[in-house]
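Participant: Residue numbers (this note's numbering): 111 to 314.
Ideal placement from N, C-alpha and C gives every residue a C-beta, glycine not left out.
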């Protein structure tokens, strides 16, 4: 911002008013940005809550399937069963941006190949394998949304701090500077007018 300790002139006032107008436009932009970011955070929180409920249900299913498989085979027997082959699994990302914030959606791309034959196959062991594979798949979009929320939160706080600085500090300071200089200019104009009247008075 321009220094207030300057020679009071109309051009200085105009420059300060231009600067104030630019600052106000910046404040309006930041305020709108905060609204957009807050709206996106609410949407992401809604998605996260829905996926979290689904993941919690999947976790309960996986635990129940694990208990059933252990009851059928015993812990050591279940450990001999081949796990799901996730060597070909890939995370498929779909990037997007909002107000300069990098966001992404993610999903697990995985066509599970048939596992090697087990020595003692059972529906319980297969159900346990499928339930845990589903739980892993759900963790991918959850992680992406959690990352989105963290980036949105960081950018929201940064934009809000800048908006508050403009609204509470910089704009009042520059308005006070404009008012001070305009007051000083009025005083100088009055002094000039008095001096001119005195100079024009006969006998002086």
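As an exercise, report each continuous alpha helix (DSSP H) stretch of at least 4 residues that is fully enclosed by the region 161–240, in chain order.
Facilitator: Those alpha helix (DSSP H) runs which fall completely within the region 161–240 and span 4+ residues are 185–189.
Participant: Might you give, ordered along the chain, the residues of its own chain that have their beta carbon closer than 7 Å to the beta carbon of residue 190, omitting 5 neighbours on each side?
Facilitator: Answer for residue 190: 229, listed in chain order.
Participant: Does the separation of the CB atoms of residue 280 and residue 246 fall below 9 Å?
Facilitator: No, they are not a contact pair.
Participant: Taking 9 Å as the cut-off, decide whether the C-beta atoms of residue 260 and residue 178 are in contact.
Facilitator: No, these two residues do not count as a Cβ contact at 9 Å.
Participant: Give the straight-line distance between the Cα atoms of residue 209 and residue 152, rounded to the nearest whole angstrom.
Facilitator: Cα-Cα distance, rounded: 16 Å.
Participant: Would you call the CB atoms of residue 137 and residue 273 closer than 9 Å?
Facilitator: In contact: residue 137 and residue 273 (Cβ atoms closer than 9 Å).
Participant: If you reduce the DSSP assignment to three classes, tell me which class residue 319 lands in.
Facilitator: In the structure displayed, the chain extends from 111 to 314; residue 319 sits before or after that span and is not available.
Participant: How would you call residue 306, buried or exposed, if buried means at least 16 neighbouring beta carbons within 10 angstroms?
Facilitator: Exposed, by the Cβ-count rule.
Participant: Relative to the C-alpha of residue 222, which residue among 236, 211, 264, 174 is closest?
Facilitator: It is 236.
Participant: Between residue 129 and residue 284, how many whole angstroms is the CB-CB distance? I'm expecting something under 8 Å.
Facilitator: So it is a contact: roughly 6 Å between Cβ atoms.
Participant: How about residue 244 and residue 168: do their beta carbons lie closer than 9 Å?
Facilitator: Yes. Within cutoff.
Participant: Assuming residue 315 contacts residue 251 (C-beta within less than 8 Å), just tell me the rounded distance between them.
Facilitator: With the chain covering 111 to 314 only, the question about residue 315 has no answer from this structure.
Participant: Are residue 206 and residue 216 closer than 9 Å when you measure CB to CB?
Facilitator: No, the pair does not count as a contact, with Cβ atoms beyond the cut-off.
Participant: Who are the near neighbours of residue 188 in its chain, counting only those whose CB is closer than 7 Å to its CB and skipping five residues on each side?
Facilitator: Hits under 7 Å: 179, 180, 235.
Participant: Compute the Euclidean distance between the alpha carbons of residue 300 and residue 122, then round it to the nearest angstrom.
Facilitator: Roughly 19 Å between the two C-alpha positions.
Participant: Exposed or buried, which one is residue 255 when buried takes at least 16 other CB atoms within 10 Å?
Facilitator: Residue 255 should be labelled buried.
Participant: Roughly how many whole angstroms lie between the Cα atoms of residue 149 and residue 238?
Facilitator: Each residue's alpha carbon lies about 39 Å from the other.
Participant: Here's the rule I'm using: 16 or more other beta-carbon atoms within 10 Å means buried, otherwise exposed. How should residue 241 be labelled?
Facilitator: Buried is the call here.
Participant: Count the other C-beta atoms from every protein chain shown that fall within 10 angstroms of the C-beta of residue 185, then say buried if there are 16 or more, exposed otherwise.
Facilitator: Burial call: exposed.
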